[in-house]
Amino acid sequence: MCISLSINLNKKLFYIISVSGGVDSMVLLNVLFHKNIRLAVVHFNHLKRKESFKDKILVENYCLKNNIPFFYFEIKPLSNNFQNESRLLRQKNLQSVALLYRTYYIITAHHLDDLAENIFMKISRGSSLLGYSGGMQVKQKISDFYFLKPFLYVNKKEILNYAKKNNIHYLDDITNTLDIYKRNEIRNQIIPWFKKDINFLKHIKIYHFQLLGAHKFIRNETKNFFKLQNSNLFCLKIFLDLHSTVQKDIILFLFENKNIFKNFNLLQDIIKGLKEKLKPNLCWDISKNFQFVKSYDHFFLLDKTKKSLKQFKKPILCMVLFLELINFIFNHMCQIYYDNLLLPLKLRHRKQGDIIKFLYGTKKLKSFLIEKKIPLYKREELWLIVDDQDQILWIPQIYINKTLGKKNNCYLILK
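Structure, rendered in structure tokens:
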């Protein structure tokens, strides 16, 4: 009996394969070995079962017998989300082994029944279009690596039949039969009920392909949007002219690139805010390190860590009486009169109630910045030069106080 792989593998390339010792990965390892695919095996011990050392011995002995490189890692998740953290740790270790062999190809033994489980999991939790398709692809790029699933369209029954016919040794993980996780409940209770229909997995595969196709089309539209942008400031007008489905995918794409958790209530709130004409400046905290910012005609992701560094890195203020003493022109330099100036001069950020003076009168700084359409996030970063009475003298590139006299002048430099 021969199993047809869901993806063609190149015998000239080298692959890293994750093998647990269960029937799925042991059968896949055997199939690939007999196809003369060049491999290194990685085995993980999650330290959850006393019998787990038997898995290691089984996989290691197979590798020794067949002269296959073998790597072993113990996984110790620290958070309460055991399954997700374990997945990320496995991924990290697989990538580290791949780098040792200078390859970017990593193989896992997920199959069609796993895909069905994933679809039900995503439906129960809520997800994106790609998530509802099962979130799995035969070839999926993560960072610089390609994760391959040669068994993705192979069902569990085929795998078990192959193992029996070819006398493949494997070990069953008893925890998979216990309904201690939602996934186990789906695997043990829901999927078997649906599989009473002999066409169930066939329909799962069709459903998967349909959603993948729709996702691919929408994602291409998303990528076309970003191709039109010249910077990390994204044009709001072009965005709002797009179909709402593409709009959502654009924001999801930004989230994915920063590994931000996909909160769909937040997503809807952001879309609503971007369409709000009466609120040109809005921001949403989307993670510990990032804000989603709407600023007049643009929107973007703001790295809060960089923002805080920029905000608290205080520039140096210099005062020069004669222009001849300046060796070169500074970006932030202005001529100012000091007839009515009280030293010393100080640097600070804006505060509530700030007033700026003009020859015709005064104006609230907040109103002035709004009129100038200075983005909200930039207002918080502005440095104000004030005198000893807290009179605002200069805001680089935005405002110069011209009410200070006309007799004695100097040059202020910010660097």
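Mapping to the UniProt record's numbering: the sequence shown position 101 is 101, numbers consecutive. From the three backbone atoms N, C-alpha and C, an ideal C-beta is built for every residue, glycine too. On a predicted model such as this, the values are computed, not experimentally measured, just so you know.
Close Cβ partners of residue i (< 7 angstroms) along its chain, the five nearest in sequence each way excluded
| i | result |
| --- | --- |
| F234 | H298, F299 and F300 |
| K149 | S6, T108, H110, M136 and V138 |
| D249 | I218, R219 and T222 |
| I370 | none |
| W394 | C334, I336, I385, I400, N401 and L412 |
| L282 | G273 and K294 |
Cβ-Cβ separation, residue j to residue i (assumed contact under 8 angstroms), whole Å
| i | j | result |
| --- | --- | --- |
| L171 | D55 | 6 angstroms |
| I374 | L384 | So it is not a contact: roughly 13 angstroms between Cβ atoms. |
| D388 | L343 | 6 angstroms |
| N166 | N66 | The pair is not a contact, with the Cβ atoms about 14 angstroms apart (cut-off 8 angstroms). |
Element boundaries [beta strand (DSSP E), containing residue i]
| i | result |
| --- | --- |
| D24 | Taken as a continuous stretch (DSSP letters only), D24 belongs to no beta strand (DSSP E), being part of the alpha helix (DSSP H) at V23 to H34. |
| R38 | R38 to N45 |
| Y72 | F70 to E74 |
| I413 | N409 to L414 |
| N281 | N281 to D285 |
| H169 | It is not in any beta strand (DSSP E) - H169 carries neither H nor E in the DSSP assignment. |
| I336 | H332 to Y337 |
| T139 | Here residue 139 turns out to be Lys, not Thr, going by the sequence shown. K139 to I142 is the extent of the beta strand (DSSP E) around K139. |
| F151 | No beta strand (DSSP E) contains F151, which DSSP labels as neither H nor E. |
| residue 416 | Because the chain is modelled from 1 through 415, residue 416 falls outside the range shown and cannot be assessed. |
| L211 | Looking at the DSSP string, L211 is not in any beta strand (DSSP E); the run it does join, the alpha helix (DSSP H), is F200 to K227. |
| K346 | K346 to R348 |
| F14 | F14 to S18 |
| L384 | L384 to V386 |
| I174 | Segment: none, I174 is in no beta strand (DSSP E) and carries neither H nor E. |
Close beta carbons around residue i, own chain, < 8 angstroms, minus the five adjacent residues each side
| i | result |
| --- | --- |
| L309 | Confidence is the limiting factor: at L309 the pLDDT is only 47, short of 50, which leaves the residue's position unreliable and the question unanswerable from this model. |
| S287 | K258, I260 and F261 |
| T103 | L13, F14, Y15 and I16 |
| K182 | M121 and S124 |
| L178 | N184 |
| Y132 | I119, K122, I123 and L211 |
| K195 | L201 |
| I251 | L267, I270, I271 and F292 |
| F239 | F225, Q247, I250, L274 and F299 |
First and last residue of the uninterrupted alpha helix (DSSP H) at residue i
| i | result |
| --- | --- |
| F290 | Element bounds for F290: not the alpha helix (DSSP H) but the beta strand (DSSP E), F290 to S295. |
| M121 | L112 to R125 |
| T362 | From DSSP, T362 is part of no alpha helix (DSSP H) but of the beta strand (DSSP E) over G361 to K364. |
| V59 | S52 to K65 |
| D303 | That residue, D303, is in no alpha helix (DSSP H); its beta strand (DSSP E) goes H298 to D303. |
| K275 | F264 to K275 |
| L86 | Inspection of the sequence shows that residue 86 is occupied by Ser rather than by Leu. Segment F82 to L100, the alpha helix (DSSP H) holding S86. |
| S244 | S244 to N257 |
| Y104 | Note, Y104: premise wrong, no alpha helix (DSSP H); not H, not E. |
Of the listed residues the options, nearest to residue i (C-alpha basis)
| i | options | result |
| --- | --- | --- |
| V386 | G22, I336, K378 and L376 | I336 |
| N289 | K277, D303 and K279 | D303 |
| S86 | N408, I75, P396 and E380 | I75 |
| N84 | H46, R350 and L267 | H46 |
| R348 | V59, L130, Y360 and I316 | I316 |
| N10 | Y338, K35 and I68 | K35 |
| S143 | H169, Y132, N118 and K92 | K92 |
| Q397 | K407, G22 and L414 | L414 |
| S295 | L274, T177, A40 and I106 | L274 |
| I106 | L39, S20 and Y338 | L39 |
| L359 | T403, K372, K346 and K351 | T403 |
| Y101 | D114, L88 and F145 | F145 |
| I204 | N224, N232, N155 and L160 | N155 |
| L267 | N232, K357 and S127 | S127 |
| F255 | W284, L278 and E276 | W284 |
| I206 | K277, Y162, G134 and N161 | G134 |
| I37 | L58, N8 and F44 | N8 |
| C410 | T362, L160, G361 and L341 | L341 |
| L160 | S231, I355, L28 and N199 | L28 |
| R350 | K357, F73, G361 and R379 | R379 |
Residue environment, residue i, which counts as buried when at least 16 other CB atoms sit within 10 Å
| i | result |
| --- | --- |
| C334 | buried |
| R90 | buried |
| D24 | buried |
| S244 | exposed |
| W193 | exposed |
| G213 | exposed |
| D197 | exposed |
| H208 | buried |
| Q352 | exposed |
| F264 | exposed |
| D241 | exposed |
Cutoff 6 angstroms; reference residue i; Cβ partners in own chain excluding five residues on either side
| i | result |
| --- | --- |
| Q140 | F147 |
| F71 | V42 and V97 |
| M26 | I168 and Y170 |
| E60 | F70 |
| C318 | I413 |
| C63 | V41 and F70 |
| S52 | N45 |
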